[in-house]
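Here's the structure we're looking at; comments come further down.
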Amino acid sequence: MDKTFQPANIETRWYQHWEEQGYFKPQGGERNYSIMIPPPNVTGSLHMGHGFQESIMDALIRYHRMCGDNTLWQVGTDHAGIATQMVVERQLEAQGTNRHELGRDAFIDKIWEWKRESGGTITRQLRRLGASLDWSRERFTMDEGLSRAVQEVFIRLYREDLIYRGQRLVNWDPVFHTAVSDLEVLAEEEQGHLWHFRYPLASGDGHLTVATTRPETMLGDTAVAVHPEDERYRHLIGQLIRLPLSDREIPIIADDYVEQDFGTGCVKITPGHDFNDYEMGKRHSLPVINILDHNAAINENAPAAYVGLDRFVARAQIVADMEQLGLLEKVEDHTLKIPRGDRSGAVIEPWLTEQWYVDAKKMAGPAMAAVESGAIEFVPKQWENTYFAWMRDIQDWCISRQLWWGHRIPAWYDDAGNIYVGSDEAAVRSEHGLDAGVALHQDEDVLDTWFSSALWTFSTQGWPEQTEDLKRFHPSSVLVTGFDIIFFWVARMIMMSLHFMHEVPFHKVYVHGLVRDAEGQKMSKSKGNVLDPIDLIDGIDLDSLIQKRTSGLMQPKLADKIRAATRRDFPDGIEAYGTDALRYTFYSLASTGRDIKFDLGRIEGYRNFCNKIWNAARYVLMNCEDQDCGTDLSLPVTLSLADRWIVSRLQQTAEEVERAVAQFRLDLASQALYEFIWNEYCDWYLELSKPVLWDEQASEDLKRGTRRTLIRVLETWLRLLHPLMPFITEEIWQRVAPLAGAEGPTIMLQPYPHCDRAAIDSAANADIEWLKKVIIGVRNIRGEMNIPPGRNLTLLCRHGSEVDAARLRDNESFLKKLAKLDTVDWLAEDETAPVAATALVGDLELLVPMAGLIDKDSELSRLGKEIDKLEKDRARLEAKLGNSAFVDRAPKEVVAKEREKLEAQQHALAKLRSQAEQMARL
1 MDKTFQPANI ETRWYQHWEE QGYFKPQGGE RNYSIMIPPP NVTGSLHMGH GFQESIMDAL
61 IRYHRMCGDN TLWQVGTDHA GIATQMVVER QLEAQGTNRH ELGRDAFIDK IWEWKRESGG
121 TITRQLRRLG ASLDWSRERF TMDEGLSRAV QEVFIRLYRE DLIYRGQRLV NWDPVFHTAV
181 SDLEVLAEEE QGHLWHFRYP LASGDGHLTV ATTRPETMLG DTAVAVHPED ERYRHLIGQL
241 IRLPLSDREI PIIADDYVEQ DFGTGCVKIT PGHDFNDYEM GKRHSLPVIN ILDHNAAINE
301 NAPAAYVGLD RFVARAQIVA DMEQLGLLEK VEDHTLKIPR GDRSGAVIEP WLTEQWYVDA
361 KKMAGPAMAA VESGAIEFVP KQWENTYFAW MRDIQDWCIS RQLWWGHRIP AWYDDAGNIY
421 VGSDEAAVRS EHGLDAGVAL HQDEDVLDTW FSSALWTFST QGWPEQTEDL KRFHPSSVLV
481 TGFDIIFFWV ARMIMMSLHF MHEVPFHKVY VHGLVRDAEG QKMSKSKGNV LDPIDLIDGI
541 DLDSLIQKRT SGLMQPKLAD KIRAATRRDF PDGIEAYGTD ALRYTFYSLA STGRDIKFDL
601 GRIEGYRNFC NKIWNAARYV LMNCEDQDCG TDLSLPVTLS LADRWIVSRL QQTAEEVERA
661 VAQFRLDLAS QALYEFIWNE YCDWYLELSK PVLWDEQASE DLKRGTRRTL IRVLETWLRL
721 LHPLMPFITE EIWQRVAPLA GAEGPTIMLQ PYPHCDRAAI DSAANADIEW LKKVIIGVRN
781 IRGEMNIPPG RNLTLLCRHG SEVDAARLRD NESFLKKLAK LDTVDWLAED ETAPVAATAL
841 VGDLELLVPM AGLIDKDSEL SRLGKEIDKL EKDRARLEAK LGNSAFVDRA PKEVVAKERE
901 KLEAQQHALA KLRSQAEQMA RL
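Going by the UniProt record's numbering, the sequence shown opens with residue 1, and the numbers climb by one from there.
Below, the structure is given as structure tokens:
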């Protein structure tokens with residue numbers, strides 16, 4: 001093996017080998033285990049959320065594959081209607097043309113061309129992450145098979161009256177000219193204004209004051225609402241208001257939705273341009289007036305003075321006109337959440353338009369029952385409450401989009417407006433007896449991308465054909481997803497699968513949290529805190545990192561701020577940590593909490609863990625290669641106490657890991673493995689093996705037993721670790737396996753270790769724990785007394801039990817080697833102890849005589865100087881935290897860090913004072 005671990009030298013090589021050999025395909029087995037990947041956008045690239053999610057799925061798949069399950073991790077990508085169309089439209093703009101000049105068919109051809117050439121970025125990145133997806137089954141939501149499934153579902157639902165066409169409010173993107181889902185709308189706080197307008201009563205007896213953040217919508221007002229119990233306005237309910245700037249009178253209505261204590265208690269109602277107002281309008285049978293066109297400009301339903309004006313131009317004109325009329329009472333600065341399209345950046349408008357809808361309310365009942373009955377289980381269970389809350393208040397699902405890229409709606413219209421739904425025009429004409437004289441034109445819209453992804457668990461397995469894959473892998477075993485798409489994807493998959501497959505799509509839904517930065521902030525380009533998983537794996541220089549973080553930013557000041565922050569945080573760029581270290585960092589954070597704070601300090605720690613594993617393997621191989629490792633079962637083998645202990649702890653660790661994986665607690669699994677491998681195997685067992693292997697007087701049976709234990713335990717924990725760290729474990733296992741008697745082409749198809757309770761040795765566990773405490777006690781004395789690490793010591797013991805005395809005799813060689821002792825003696829009860837530093841292990845007192853070891857005066861002087869320095873640092877921190885100006889104004893995270901520093905200083909001071917007191921007593 002190389003002297004140092006170089007992940008770049010092994011990761012790509014092993015992944016290519018695994019894929020070429022077909023190891024990711026189902027391998028057979030009595031139990032089927034499958035996961036359907038949440039299909040990433042074909043335009044996308046791997047971000048930290050993807051990295052975290054895919055790492056979790058890969059660990060589960062690799063674990064079950066090694067457990068002997070017939071395992072499938074289904075791969076595929078989503079056609080991402082708006083995102084993909086936008087990419088290609090921008091390319092056309094750069095070429096001086098557009099989709100309208102090309103025409104629909106030619107434009108679609110351009111998108112397929114782009115997909116073939118550039119649409120594989122994220123799938124390449126998934127390979128770099130080590131994701132063991134079955135690439136031979138890769139699907140795309142626009143491929144022929146999935147398109148057939150989508151069409152079949154639409155036609156069936158339409159014929160069952162579960163799909164209809166109707167006019168309702170939708171989120172409208174005035175740049176892309178399409179309806180968008182709530183998930184494609186980003187609402188972030190921005191600074192705006194609150195305009196207070198006076199609406200005169202039609203009777204001429206005064207006015208009501210309403211406040212609005214969107215003055216242009218007043219042109220579509222159809223009522224003013226007050227709370228029915230508001231004493232200020234109860235006498236006005238039912239009266240009319242003369243709507244300013246419009247030649248219309250509108251009623252004053254009463255509705256519990258109005259908050260009496262908010263603003264003036266009067267709310268303008270615009271059913272055509274506000275979702276809440278739309279619902280109130282339905283309750284009160286108010287007219288719905290649409291005053292915007294598809295560009296979000298004022299249309300002919302508004303007064304002529306404003307027709308054709310952009311909504312924001314109209315806003316300024318309306319405010320000026322209201323002020324001139326004396327109806328502008330005041331203007332206040334106001335912070336509000338502005339809904340913007342996540343792709344276009346345009347302010348989204350609630351807009352009244354005709355769209356296709358799924359009657360989701362009728363399909364929600366069975367979907368709720370499936371979770372209530374336990375047929376589907378959410379992990380953590382608390383997310384079931386979120387699921388039920390959404391489902392009980394479910395609205396009909398708008399499934400049409402005004403795009404060209406996507407599954408075109410299989411509906412045709414004649415000149416009279418009649419709708420015909422079928423697989424193609426010929427089928428429609430045949431079914432309805434329409435001859436060539438009846439002109440038909442197909443609906444121009446396409447289906448929402450969530451419509452096709454809702455069928456993902458069964459469409460990818462060949463439905464509507466009843467395939468063998470459907471029988472084997474549906475329902476899938478678990479869905480791994482973020483909480484933000486429980487409604488948009490999870491719920492819809494459940495509804496569709498129950499309706500068409502008559503079974504649930506998956507048995508468990510593991511809901512993971514969102515990956516945030518080290519301060520708990522959401523990662524976003526505007527904050528300059530985005531981390532790219534591939535950069536963490538392969539490294540990136542500072543200039544490239546700055547260019548990546550600032551590309552596309554339209555605000556020069558923001559770009560400058562992000563450049564400065566990047567130079568401060570990453571003066572040398574980002575180091576290459578390798579895939580295994582990144583994945584293990586994700587697992588260490590994979591608790592059941594919502595937020596995941598990603599700290600670069602953790603990934604550095606797990607890169608060190610990889611190095612520790614590598615060096616441990618080198619030590620084992622150097623001591624076992626070309627040696628007798630006990631593979632010849634006819635030869636006698638003697639196991640030392642340390643051998644029996646490490647085998648015992650290995651079984652207990654396997655049990656902990658198995659329990660944690662079953663509970664989806666990969667954080668606990670990774671912690672158990674880390675503790676065993678680093679602390680017990682590497683730090684203790686390898687050291688305990690040296691007195692046996694390096695002792696010329698030790699018997700060959702004992703050495704054979706230690707070599708066998710070294711190599712077999714290493715081979716076993718490599719298999720335990722493989723689902724979490726696939727690359728380093730494969731590289732080492734290939735060298736270790738022959739010595740351990742293991743056979744097979746790859747670690748990923750080896751059996752996963754399970755606990756052998758018969759090999760748990762409680763006595764060995766207790767003896768080694770005692771031994772460790774004694775060694776640690778001596779090492780603590782050495783550290784506290786500042787005794788050089790190479791200096792051998794004398795150890796005296798007293799007040800212990802007979803068990804302590806026996807353990808001392810049996811483990812003297814271990815003690816001398818690991819604690820660096822010349823002699824170990826037992827003091828009689830009446831024997832006077834020399835001046836010594838002490839430590840306790842239960843009732844056993846450990847004494848290290850200080851004579852000739854230290855210069856007491858110089859050591860006390862050194863400790864005094866360290867104490868003085870810490871005292872000054874503590875006083876400075878206390879003064880800082882006692883300053884209310886700092887505590888009140890500084891960010892909470894900064895204040896918390898300063899408090900942590902003070903706590904650490906106080907702990908260090910207490911420790912130094914204790915050392916000084918002990919030194920003074922010597």
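The beta carbon of each residue, even a glycine, is placed where N, CA and C say it ideally should be.
About 30 Å separates the beta carbons of Y199 and V185, which is beyond the 8 Å limit, so they are not a contact pair. Here E731 is buried. Its C-beta has 16 or more other C-beta atoms within 10 Å.
As computed with DSSP, E845 is found in a beta bridge with R798 and L840.
Boundaries of the beta strand (DSSP E) harbouring D825: L821 to W826, taken from the DSSP string. V637 sits buried, since 16 or more C-beta atoms from the chains shown fall within 10 Å of its C-beta.
H196 is bridged by DSSP to A211 and K330.
In this model, R583 and S524 are separated by some 21 Å (Cα to Cα). Burial of H474 is indicated by the presence of at least 16 other C-beta atoms within 10 angstroms of its C-beta. The Cβ-Cβ distance between A223 and L126 does not fall below 7 Å.
In the structure shown, F570 adopts coil according to DSSP, grouped into three states.
In the three-state DSSP reduction, F176 falls in the coil class, being neither helix nor strand.
Contact between V150 and L447 holds, with the beta-carbon distance rounding to 7 Å and staying under 8 Å.
W614 is positioned such that its CB atom lies no closer than 7 Å to that of I677. Restricted to the segment 120–191, the alpha helix (DSSP H) segments that are unbroken, complete and at least 4 residues in length are 121–128 and 144–159, listed in chain order. Exclusion of the five residues before and after L739 leaves C624, C629 and I711 as the residues of its chain whose Cβ lies within less than 6 Å of its Cβ. In this structure, the straight-line span from the alpha carbon of N32 to that of S477 is close to 8 Å. In the structure shown, F598 falls within a coil segment according to DSSP collapsed to helix, strand and coil.
For D321, same chain residues with a beta-carbon under 7 Å away, outside a window of 5 residues either side, are L245 in chain order. Residues E54 and D58 of the same chain have their beta carbon placed closer than 7 Å to that of A131, with the five preceding and five following residues left out of the count.
Less than 7 Å divides the Cβ of L795 from the Cβ of L821.
Three or more Cβ pairs closer than 8 Å define a contact, and the segment 388–396 meets that threshold against the segment 362–376. Under DSSP, P350 shares a beta bridge with N171. Taking a contact to require three or more Cβ pairs closer than 8 Å, the segment 536–547 and the segment 566–586 qualify as touching. Apart from the 5 residues on each side of it in sequence, T212 sits with its Cβ closer than 8 Å to the Cβ of L194, W195, F197, M218 and K268 in its chain, given in chain order.
By the C-beta criterion, the segment 598–612 is judged to be in contact with the segment 511–518, since at least 3 inter-stretch pairs fall below 8 Å. Boundaries of the alpha helix (DSSP H) harbouring K773: S762 to E784, taken from the DSSP string. DSSP places Y33 in the uninterrupted beta strand (DSSP E) bounded by N32 to M36.
The beta carbon of C610 lies closer than 6 Å to those of F5, D580, A581 and I728 in the same chain, with the five residues before and after it left out. The residue from A370, R707 and K115 with its alpha-carbon nearest to that of S497 is A370. Listed in chain order, the non-local C-beta contacts of D134 below 8 Å within the same chain comprise F24, K25, P26, L72, W73, Q74 and V75, local neighbours out to five positions each way being set aside. Taken atom to atom, the span from the alpha-carbon of T460 to that of F154 is near 17 Å. Going by DSSP, A672 is part of the alpha helix (DSSP H) stretching over L666 to Y674. Three or more beta-carbon pairs drawn from the segment 174–191 and the segment 401–412 are found closer than 8 Å, and the two stretches are therefore classed as touching.
About 17 Å separates the Cβ atoms of T353 and G406, ruling out a contact at the 8 Å cut-off. Put simply, the segment 427–446 does not touch the segment 371–387. Fewer than three CB pairs are less than 8 Å apart. In the three-state scheme derived from DSSP, where H, G and I count as helix and E and B as strand, Q239 is classed as coil.
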